[in-house]
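Numbering (our numbering), first residue to last: -3 to 440. Built from N, CA and C at the ideal position, the CB exists for glycine as well. Presented below is the structure to which this report refers.
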Amino acid sequence: MCLLGICFSLPLWAQEITPVPEDELAKDTVDGWNMDFFVLKCPSIQAREPLDPLRVSGMDVEANDINRPLPGLVSFIGNVRLDQTGQELYADKAEMDENKGRFNAEGNVRLSNDRMRLTSDALLLDIANQGISVDDARFQLKQSALRGEADHLRAYLDEPITIIGTSLTTCPPGESGWSFEAEEIQINTETGWGDAYHMLLKIYDIPIFYLPALSFPVDERRKSGFLYPAIGNSSRNGFELEAPWYWNIAQDKDATFDFKYYSKRGLMLGTEYRQVTKHSDNVLYLEYLPDDERAVPGEEDRYFYQVRSNYYKDDNWRGIIDVNSVSDDNYFYDFGGNFETGNRNFLNRMAGITYATDKWSLSTAVSGDQLLSTNATAYRRLPEISFELYQPFAEDDDPKPWNFNMAIEATAFRHDSALQANRVVATPELSYPVRWQWGYIEPK
-3 MCLLGICFSL PLWAQEITPV PEDELAKDTV DGWNMDFFVL KCPSIQAREP LDPLRVSGMD
57 VEANDINRPL PGLVSFIGNV RLDQTGQELY ADKAEMDENK GRFNAEGNVR LSNDRMRLTS
117 DALLLDIANQ GISVDDARFQ LKQSALRGEA DHLRAYLDEP ITIIGTSLTT CPPGESGWSF
177 EAEEIQINTE TGWGDAYHML LKIYDIPIFY LPALSFPVDE RRKSGFLYPA IGNSSRNGFE
237 LEAPWYWNIA QDKDATFDFK YYSKRGLMLG TEYRQVTKHS DNVLYLEYLP DDERAVPGEE
297 DRYFYQVRSN YYKDDNWRGI IDVNSVSDDN YFYDFGGNFE TGNRNFLNRM AGITYATDKW
357 SLSTAVSGDQ LLSTNATAYR RLPEISFELY QPFAEDDDPK PWNFNMAIEA TAFRHDSALQ
417 ANRVVATPEL SYPVRWQWGY IEPK
């Protein structure tokens, strides 16, 4: 599979990408460089020992034949290798103009630096202005799966990468799941974002739609804006259109606002808020569809919400809140959902906290699940208290210690009916494990 992440200001999209196997990377190589390269995240440059190179203009250059046909002009023929801080270049031949600070490479050119790696038949390295200019290139950005081809590519220090007449994709070579073509693209590796102009999106080489301008990510950093829309149709809901908008509030929090239109039902509003603190992970999810035109009478207002929070402190304290609620039994059947609700026969509604050491633990929780597809209501646990003890009797160096474990659980069951109950369960356990290299027995 390949990654598709397109949106009107495109903050994120995620799907796993399978890197090309190592044996595939060995095919069609020039001096060990795969000419049909694709790496999930391009690696950094590996340092090499110099082989008595010629040093010109602050660069180490190797070649089979090196000569100076004119003052200030150096010619390199055969297996040319240039090594500059943060940059390596290979070519069949090259010419260096020391007066203008230009290095022209030709034939099987391969370049790798801290921003990208590329291949081409010819390349101009502008040493004086710290940049490159190349025609008819194939390239891949460093620390990214984004690769493509370009009629012309220009990359100078402290400037966005400019690409003219290009196609971009994150699919491995030989796959055409998605790509987009553009007249011009500006890629800023400092901010992690690119801008495309006169863009045409293709799915399996079939043109899908055109946009005059598009902002897209080139790495994993986030940005506020509309996500890629979704369009569908069903006999139950009619024409469906979804347009989510992502808000990158801060590094530790974000939100997504989802607008879903159903031609047979109306407009559903959805919100997901996520926050990470030093001691907790928190998620709030809400969907609401007022005045559903196809709902059962009396159930026109449809909703689902979910509150989840995981608390942790040191190695001892753990807490959880997991509360889910839905307006009616048919909600999931009508709308499905991309949320985690567990068993669709009931929805969790619980909160609990635990303190644990390596010898004992104490926890307390309250719960009252929502049952689906039935008129019955679940018993509430108000509360449930659990204590567990783990106690070996022998010293640590004793190979056959006695072990004593005790689990005690006390629960108060409450219901709207007259039937109430309290339950206490104690489970003591004494064991004497005997272990050998070939097996063990553990009487309890």
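Contact check, residue i vs residue j, beta carbons under 8 Å
{"i": "L448", "j": "R98", "result": "Nothing about residue 448 can be reported from this structure: the residues present for the chain run from -3 to 440 only."}
{"i": "F212", "j": "L196", "result": "no"}
{"i": "I381", "j": "A347", "result": "no"}
{"i": "T165", "j": "W174", "result": "yes"}
{"i": "R345", "j": "N320", "result": "yes"}
{"i": "N371", "j": "Y386", "result": "no"}
{"i": "Q136", "j": "M112", "result": "yes"}
{"i": "Y281", "j": "Q302", "result": "yes"}
{"i": "I204", "j": "G190", "result": "no"}
{"i": "L142", "j": "V57", "result": "no"}
{"i": "D88", "j": "G103", "result": "yes"}
{"i": "K520", "j": "E289", "result": "Since the first residue shown for the chain is -3 and the last is 440, residue 520 is missing from the structure and cannot be characterised."}
{"i": "E295", "j": "D287", "result": "no"}
DSSP-derived helix/strand/coil call for residue i
{"i": "Y152", "result": "strand"}
{"i": "D250", "result": "strand"}
{"i": "L265", "result": "strand"}
{"i": "D201", "result": "coil"}
{"i": "Y375", "result": "coil"}
{"i": "I428", "result": "For clarity, residue 428 is Tyr in the given sequence; the question names Ile instead. Three-state DSSP puts Y428 in coil, outside helix and strand."}
{"i": "D93", "result": "strand"}
{"i": "D330", "result": "helix"}
{"i": "K309", "result": "strand"}
{"i": "E236", "result": "strand"}
{"i": "Q366", "result": "strand"}
{"i": "Q302", "result": "strand"}
{"i": "K355", "result": "coil"}
{"i": "W241", "result": "strand"}
{"i": "P49", "result": "Caution applies to P49, whose pLDDT of 44 falls short of 50 and renders its modelled position unreliable; the value that the coordinates give is listed next. The answer is coil: DSSP assigns P49 none of H, G, I, E or B."}
{"i": "T158", "result": "strand"}
Proximal residues to residue i (C-beta, below 6 Å), its chain only, five neighbours per side dropped
{"i": "L149", "result": "V130, A133 and I159"}
{"i": "G266", "result": "D254 and E283"}
{"i": "S172", "result": "Y200 and D201"}
{"i": "V421", "result": "E405"}
{"i": "T252", "result": "P240, Y242 and E268"}
{"i": "N278", "result": "Q271 and S305"}
{"i": "T25", "result": "A caution first: T25 carries a pLDDT of 48, below 50, which makes its placement in the model unreliable, though a value can still be read off. Excluding residues within five positions, none has a Cβ falling inside 6 Å."}
Straight-line Cα distance separating residue j from residue i
{"i": "N184", "j": "P240", "result": "25 Å"}
{"i": "F235", "j": "G228", "result": "6 Å"}
{"i": "T452", "j": "G364", "result": "Outside the displayed range of the chain (-3 to 440) lies residue 452, so it cannot be described from this structure."}
{"i": "E84", "j": "F222", "result": "39 Å"}
{"i": "P424", "j": "A403", "result": "6 Å"}
{"i": "S71", "j": "G127", "result": "21 Å"}
{"i": "E145", "j": "L237", "result": "33 Å"}
{"i": "N100", "j": "A90", "result": "5 Å"}
{"i": "A246", "j": "G435", "result": "55 Å"}
{"i": "R77", "j": "E94", "result": "17 Å"}
{"i": "K256", "j": "P225", "result": "10 Å"}
{"i": "P442", "j": "N75", "result": "Any property of residue 442 remains undetermined from this structure, which presents the chain solely from -3 to 440."}
{"i": "P429", "j": "F383", "result": "23 Å"}
{"i": "V322", "j": "G262", "result": "18 Å"}
{"i": "N399", "j": "K355", "result": "11 Å"}
{"i": "F342", "j": "S116", "result": "60 Å"}
{"i": "L426", "j": "L285", "result": "57 Å"}
{"i": "D324", "j": "G332", "result": "13 Å"}
Outcome for residue i when other beta-carbon atoms lying within 10 angstroms are tallied against a minimum of 16
{"i": "Y242", "result": "buried"}
{"i": "K440", "result": "exposed"}
{"i": "D19", "result": "Any reading at D19 must be qualified, since the residue scores a pLDDT of 46, below 50, and its modelled position is unreliable; no value is offered."}
{"i": "R431", "result": "exposed"}
{"i": "D318", "result": "buried"}
{"i": "D147", "result": "exposed"}
{"i": "A124", "result": "exposed"}
{"i": "A417", "result": "exposed"}
{"i": "R298", "result": "buried"}
{"i": "S230", "result": "exposed"}
{"i": "T413", "result": "This sequence places Ser at residue 413; Thr is not what is there. By the neighbour-count rule (16 or more Cβ atoms within 10 Å), S413 is not buried but exposed."}
{"i": "S108", "result": "buried"}
8 Å CB neighbourhood of residue i in its chain, flanking five on each side removed
{"i": "W313", "result": "Y307, I349, T350 and Y351"}
{"i": "F4", "result": "Because the pLDDT at F4 is just 36, under 50, the model does not fix this residue reliably, and the value given afterwards should be weighed accordingly. Same-chain partners within the cutoff: L207, L210, S211, G221 and F222."}
{"i": "T273", "result": "D248"}
{"i": "I437", "result": "P429 and V430"}
{"i": "L47", "result": "Confidence in L47 is poor, its pLDDT being 34 and thus under 50, which makes the residue's placement too unreliable to answer from."}
Neighbourhood of residue i by C-beta distance below 7 Å, restricted to the same chain and skipping five residues each side
{"i": "L378", "result": "V362, A408 and R410"}
{"i": "H194", "result": "A178, E179 and P208"}
{"i": "D61", "result": "I73 and G74"}
{"i": "R232", "result": "D330"}
{"i": "H275", "result": "Y307, Y308 and K309"}
{"i": "Y152", "result": "N125, Q126 and G127"}
{"i": "A291", "result": "R298"}
Contact test: residue i Cβ vs the ligand COA heavy atom, cutoff 7 Å
{"i": "G332", "result": "In the structure on display, the ligand COA does not appear, and there are no ligands present to speak of."}
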